[in-house]
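Residue numbers (the UniProt record's numbering): 1 to 126. Even for Gly, the Cβ is constructed at its ideal location relative to N, Cα and C. Single-structure report; data block below.
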């Protein structure tokens with residue numbers, strides 16, 4: 001359980017820390033986005049002043065979208081890694097307070113006893 005909690009905490013920390021900065025090919029624009037793809041920074045190089053307003057606006061949007069795409073890819077990677085590691089942890093045996101071991105996917109003696117006590121469901125119409 002502790003390892004699962006630690007893994008979830010690590011996921012939260014890593015996903016919150018995602019930040020991506022992309023620079024246009026001509027070095028005119030750099031855009032930075034946070035973990036959610038929201039803009040967190042914009043830098044214009046000296047050559048940006050020579051671009052027309054429409055060209056510069058498109059370059060800013062395209063560069064920011066590319067940064068957001070990379071941030072999303074990073075998030076997907078982190079969640080896939082989390083899912084893989086969590087699935088592995090869910091298969092690991094757990095040691096109970098009394099020293100007994102619970103192996104996920106196997107019927108424990110307690111589960112078998114509970115099933116015997118409960119018996120099979122009876123039809124109330126009978």
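*asked:* Bridge partners for residue 23 per DSSP, in chain order?
replied: BP columns for residue 23 point to 30.
*Have a look at 21, 38, 37, 25 and flag the residue whose alpha-carbon is nearest the alpha-carbon of residue 31.*
For residue 31, the nearest C-alpha among the options comes from 21.
*Residue from 23, 53, 36 with nearest C-alpha to residue 45*: 23
*Nearest CA to the CA of residue 52: which residue from 92, 28, 86, 85?*
28
*Starting from residue 42, trace the beta strand (DSSP E) both ways and give me its first and last residue.*
39–44
_Beta-carbon spacing of residue 71, residue 37 below 8 Å_ = yes
*Give the C-beta separation of residue 65 and residue 35 to the nearest angstrom, bearing in mind that I take them to be a contact with Cβ-Cβ under 8 Å.*
Actually they do not touch by this definition, with Cβ atoms about 16 Å apart.
*Any idea if residue 18 is buried or exposed, counting beta-carbon neighbours within 10 angstroms, 16 or more meaning buried?*
Flag for residue 18 reads buried.
*asked:* Per DSSP, what are the beta-bridge partners of residue 102 in this structure?
replied: 94
*Just to confirm, are residue 42 and residue 48 a CB contact at a threshold of 8 Å?*
Contact flag unset, no.
*Where does residue 56 fall in DSSP's three states?*
helix
*Spatial neighbours of residue 4 in its chain, beta-carbon cut-off 7 Å, leaving aside the 5 residues before and after*: Around residue 4, the same chain offers 86, 89 as residues with beta carbons nearer than 7 Å, after the five sequence neighbours per side are excluded.
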